[in-house]
Amino acid sequence: MNVNENSYMLFPDMYATTSADFALTPSDQIEAAYLYWAGCGFGDFEVTLNGTAISAERTFAHQRVTNGTTYDYFSAFADVTSLIQSTGNGTYTLTDLDVSDYMDFAFTNRTNFAGWAIVVVYKNEALPLNQLNVYDGLQAVPDEITITLNSLNVIDNEDAKIGFLAWEGDENIQVNETLSINGDILSNSINPSNNAFNGTNTFTGSEDLYNMDLDVYDIQGNIAIGDTSAEIKLTSGQDVVMINAIVTKLNSQLPDATIVADNVDVFCNSFDITVDYTVYNLNSTEELPALTPIAFFADGILVGQAQTQTIIPIGGSETGQITLTLPETIPTDFTLTLSVDNNGSGVGSVTELNETNNDFTYAVSLLPLPEYNQPENLISCNEGLTSGTFDFSDYAQSIAVNPSDVITFFTSAENAENNQSEILNTSNFHANSTPFTIYFRVQGENCYNIGSFDLRVRNCPPTIYNFVSSNGDGINDFFHIDGLRDIFIHYQLSVFNRWGVQIWSGTNDTEEWDGRITKGLKWSDSEAPDGTYYYVLDLNDPDYPKPFTGFLYIVQ
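In the numbering used here, the protein residues as written are 4 to 559.
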C-alpha cells in the first residue's frame, strides 16, 4: 500500500485503499483462503475486505531497536475462506488499514509500510497430488535468522516450490541480502541472489510492489527425497526484511491415517470394555493400505491391538470394534488412547503426510459395584424349632454407603439378582427355621451389588408361670412355661412335694403337667392336693448351666 519505496520517499505516504484481481479456472476449487495484513506500529486489527468487516484471529508483533530507538511492527491473520468461496473471481479491495499514527515515526528510519495479501489453497483434479504446508509468524533481519520448517515428507522433489510473503524489503538496498534453503542460496529472474526481497511479485512479474514481496522459488534441486524438514536462512547486512508467511508445495502422494473412538461401552464390575472406532484417511493423497496396525493404551499401558481390514481410499474410512481386557491396576477413571499406524511400541509401518495426528484420547470411567456396609447377623429369640421373628427395618440406612443408593431385601440370591419378590415387611419378618439368609440389593446409579446377612436365633430364658388350677376352665389348667417346648428340646422338668418327694417329671416329648401325680405316693384319683410344690427345670443347655427352681402353687 506504499505509494513508493520508502527509501525514496520525501515524506511518508500510503494508499488508503488498494485492490488486486483474483482469477481461477472453472475446474479450480477453493479449499482455504487466508488474509494477512501488516504494517508499522502497534497494530490495526480491524480491516474491511470487499465491504466485509474482518477482525484479526491471530496477531504477530516484532520490535527492532536502532540506535537506541525502538520501532514496532505488526501482522494479522484471518481465515476468509467462506468470503473468497462465495465471491469467487474478481477484484478484491482492502480498506481501513490505518497506520497513520505511527507512519511519521517509522519514517525516521525508512521502515514505514503497510500491505496485505491473500494466500489461496485450491484443488484441481487434473493437477498432481501435492502436499501444501503454510507456516506463519513475524521474524526479521538484519542480521540473520534461521527458520526450520517441519512436517515435510519429501517423496518426490519434482516441481517442488517454496513461496514467501515478506515486508519492508527495498530494491535499492542489497547488502549481503540472501535467502537460502538447506544451505543453497535461492534466486530467480526477478530475485537476484544478493537481493532476494526487492519489492517483487512472482505471480504477476511486477517489480513495483514497494516494500512487499510475494516470491516463489523452485527448490526441487534443494531438497532430497526423505527430507522431513527444511532450514530457511535469511541474511541482510542492512535492509530490514520481515518474513510473515511461507508456503511449501511438495509432490507427496501419501495417506494420512487418523482414528476416532466413536463409543466405549463399560460394564458393571468389569475390566472389559468394548470400543467402537473409525479409522480415516481424509487429508491424504494416497490410499491407506490394509493391515495398518492399531494400538490401544490405558493410561499409557498397551491393552490391545488391531489392524485395518481393507484398503481405505482417499477421503474414506473403516469402522471396527474391539473388546479390551484391562489390568486390574487401572484406576476407575483413566485415559484410553487409540493410536493408528502403531505396532504397540510407537513404531509405524506406513509413511504418512502427517505423522503427528495418529492418536485419539477418550476419557473412560469404569463402573465399580456400589459399596455397602456389611451388616451384622441378626439374632432373635427361638420361637420353637429354630423359628424366630426379626426386625431389620433399620438395616437399609446402615447398609448404604451412598445415601442415594436404594436398598431392598429378598429371601434368595436369585430374587435379589432379578429384583423380584422383595420383602415388604422388614419390621416383623418370621423365619420358620434358622439360620436363614437374607439377601439385600444395593442399587446405585449404574450398577447394583448383592450382599447378605443371616438371621439366627438363640434360646432365650423361659418364662415360668408357677400357678396351676386344674379345673378345666381353660385358664392355668397346666403348668405352662413360655419359651420352653421345642426350644430347649433336651430339658428335664421335675415337680416335688413339700417333703421333697418327686411327684412328676416331664420332657419335650411329654404333655404339660396337669396337676396329677405320676410318681411316688399318690391318692386314688392321682390329683395333687392344693398346696405349694417345688419345681426343678434343667434346660440341658450350655448357656444355662444352672437349673431353674422355684415354688409352684396348685388349686384343684
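We treat Cβ as the ideally placed atom computed from N, Cα and C, and that holds for glycine.
Kindly indicate which three-state DSSP category residue i falls into: helix, strand or coil?
{"i": "Asn-53", "result": "coil"}
{"i": "Glu-420", "result": "helix"}
{"i": "Asn-204", "result": "strand"}
{"i": "Ile-193", "result": "coil"}
{"i": "Ile-315", "result": "strand"}
{"i": "Leu-369", "result": "coil"}
{"i": "Ser-473", "result": "coil"}
{"i": "Ala-248", "result": "strand"}
{"i": "Asn-160", "result": "strand"}
{"i": "Ala-399", "result": "helix"}
{"i": "Tyr-556", "result": "strand"}
{"i": "Asn-214", "result": "coil"}
{"i": "Asn-9", "result": "helix"}
{"i": "Cys-463", "result": "coil"}
{"i": "Met-17", "result": "strand"}
{"i": "Thr-332", "result": "coil"}
{"i": "Ser-209", "result": "strand"}
{"i": "Leu-97", "result": "strand"}
{"i": "Leu-253", "result": "strand"}
{"i": "Trp-502", "result": "coil"}
{"i": "Ser-342", "result": "strand"}
{"i": "Phe-439", "result": "strand"}
{"i": "Gln-32", "result": "strand"}
{"i": "Phe-363", "result": "strand"}
{"i": "Tyr-468", "result": "coil"}
{"i": "Phe-482", "result": "coil"}
List the DSSP bridge partners of residue i.
{"i": "Arg-444", "result": "Thr-411 and Ile-453"}
{"i": "Pro-296", "result": "Gln-310"}
{"i": "Cys-43", "result": "Tyr-76"}
{"i": "Tyr-283", "result": "Thr-261 and Ser-320"}
{"i": "Arg-519", "result": "Glu-530"}
{"i": "Asn-266", "result": "Asp-279"}
{"i": "Gly-391", "result": "Ala-434"}
{"i": "Phe-491", "result": "Paired residue(s): none; Phe-491 is not in a bridge."}
Taking the continuous beta strand (DSSP E) assigned at residue i, which residues delimit it?
{"i": "Ser-22", "result": "20 to 25"}
{"i": "Ala-120", "result": "117 to 126"}
{"i": "Ser-508", "result": "505 to 509"}
{"i": "Lys-236", "result": "233 to 238"}
{"i": "Asn-136", "result": "134 to 144"}
{"i": "Cys-271", "result": "Looking at the DSSP string, Cys-271 is not in any beta strand (DSSP E), and its letter there is neither H nor E."}
{"i": "Ala-64", "result": "61 to 69"}
{"i": "Thr-181", "result": "181 to 184"}
{"i": "Thr-151", "result": "147 to 152"}
{"i": "Ser-383", "result": "381 to 384"}
Between which two residues does the alpha helix (DSSP H) containing residue i stretch?
{"i": "Asp-107", "result": "103 to 110"}
{"i": "Ser-89", "result": "84 to 90"}
Relative to the C-alpha of residue i, which candidate in the options has its C-alpha closest?
{"i": "Ser-396", "options": "Ala-366, Arg-113, Ala-41 and Phe-432", "result": "Phe-432"}
{"i": "Ala-366", "options": "Phe-206, Phe-80 and Asp-302", "result": "Asp-302"}
{"i": "Gly-387", "options": "Ile-410, Gly-447, Arg-459 and Gly-323", "result": "Arg-459"}
{"i": "Leu-487", "options": "Asn-225, Ser-472 and Thr-466", "result": "Thr-466"}
{"i": "Pro-316", "options": "Gly-208, Val-137, Pro-330 and Pro-292", "result": "Pro-292"}
{"i": "Asp-544", "options": "Cys-463, Ala-19 and Ser-415", "result": "Cys-463"}
{"i": "Asp-275", "options": "Asn-418, Ser-190, Phe-439 and Leu-327", "result": "Leu-327"}
{"i": "Ala-117", "options": "Ser-352, Trp-170 and Phe-491", "result": "Trp-170"}
{"i": "Asn-9", "options": "Val-353, Leu-182, Val-498 and Leu-212", "result": "Leu-212"}
{"i": "Ile-246", "options": "Thr-332, Val-263 and Glu-147", "result": "Glu-147"}
{"i": "Thr-111", "options": "Gly-323, Met-12, Asn-346 and Asp-489", "result": "Met-12"}
{"i": "Thr-181", "options": "Leu-141, Phe-108, Trp-502 and Val-244", "result": "Val-244"}
{"i": "Phe-491", "options": "Lys-522, Phe-439, Phe-551 and Tyr-442", "result": "Phe-551"}
{"i": "Asp-216", "options": "Gly-172, Ile-235 and Asp-47", "result": "Gly-172"}
{"i": "Ser-407", "options": "Glu-448, Tyr-39, Ser-154 and Thr-414", "result": "Glu-448"}
{"i": "Asp-230", "options": "Tyr-74, Leu-155 and Gln-223", "result": "Leu-155"}
{"i": "Ile-165", "options": "Ala-35, Val-144 and Phe-206", "result": "Phe-206"}
{"i": "Thr-389", "options": "Gln-446, Ser-342 and Phe-439", "result": "Phe-439"}
{"i": "Asp-457", "options": "Phe-413, Val-267 and Leu-540", "result": "Phe-413"}
Quick one: residues in its chain with C-beta nearer than 8 Å to the C-beta of residue i, no 5 flanking neighbours on either side, listed in chain order?
{"i": "Ile-520", "result": "Ile-506, Trp-507, Trp-526, Ser-529, Glu-530 and Ala-531"}
{"i": "Cys-450", "result": "Cys-271, Asn-272, Leu-370, Pro-371, Leu-372 and Pro-373"}
{"i": "Val-404", "result": "Pro-373, Glu-374, Tyr-375 and Asn-376"}
{"i": "Asn-360", "result": "Asp-259 and Thr-261"}
Once the 5 residues before and after residue i are set aside, which same chain residues still bring their CB inside 7 Å of it?
{"i": "Phe-337", "result": "Ala-301, Asp-302 and Val-367"}
{"i": "Glu-355", "result": "Leu-257, Pro-258, Asp-259, Ala-260 and Asp-344"}
{"i": "Asn-115", "result": "Asn-9, Pro-15, Cys-43, Met-106 and Ala-109"}
{"i": "Asn-92", "result": "Phe-25, Ala-26 and Leu-27"}
{"i": "Ala-309", "result": "Ile-297, Gly-323 and Ile-325"}
{"i": "Ile-557", "result": "Val-471, Gly-518, Ala-531, Asp-533, Gly-534 and Tyr-536"}
Between residue i and the rest of its own chain, which residues show a CB-CB distance below 6 Å, the 5 nearest in sequence each way excluded?
{"i": "Thr-311", "result": "Val-282, Ala-293, Thr-295 and Glu-321"}
{"i": "Leu-329", "result": "Phe-274, Ala-301 and Val-306"}
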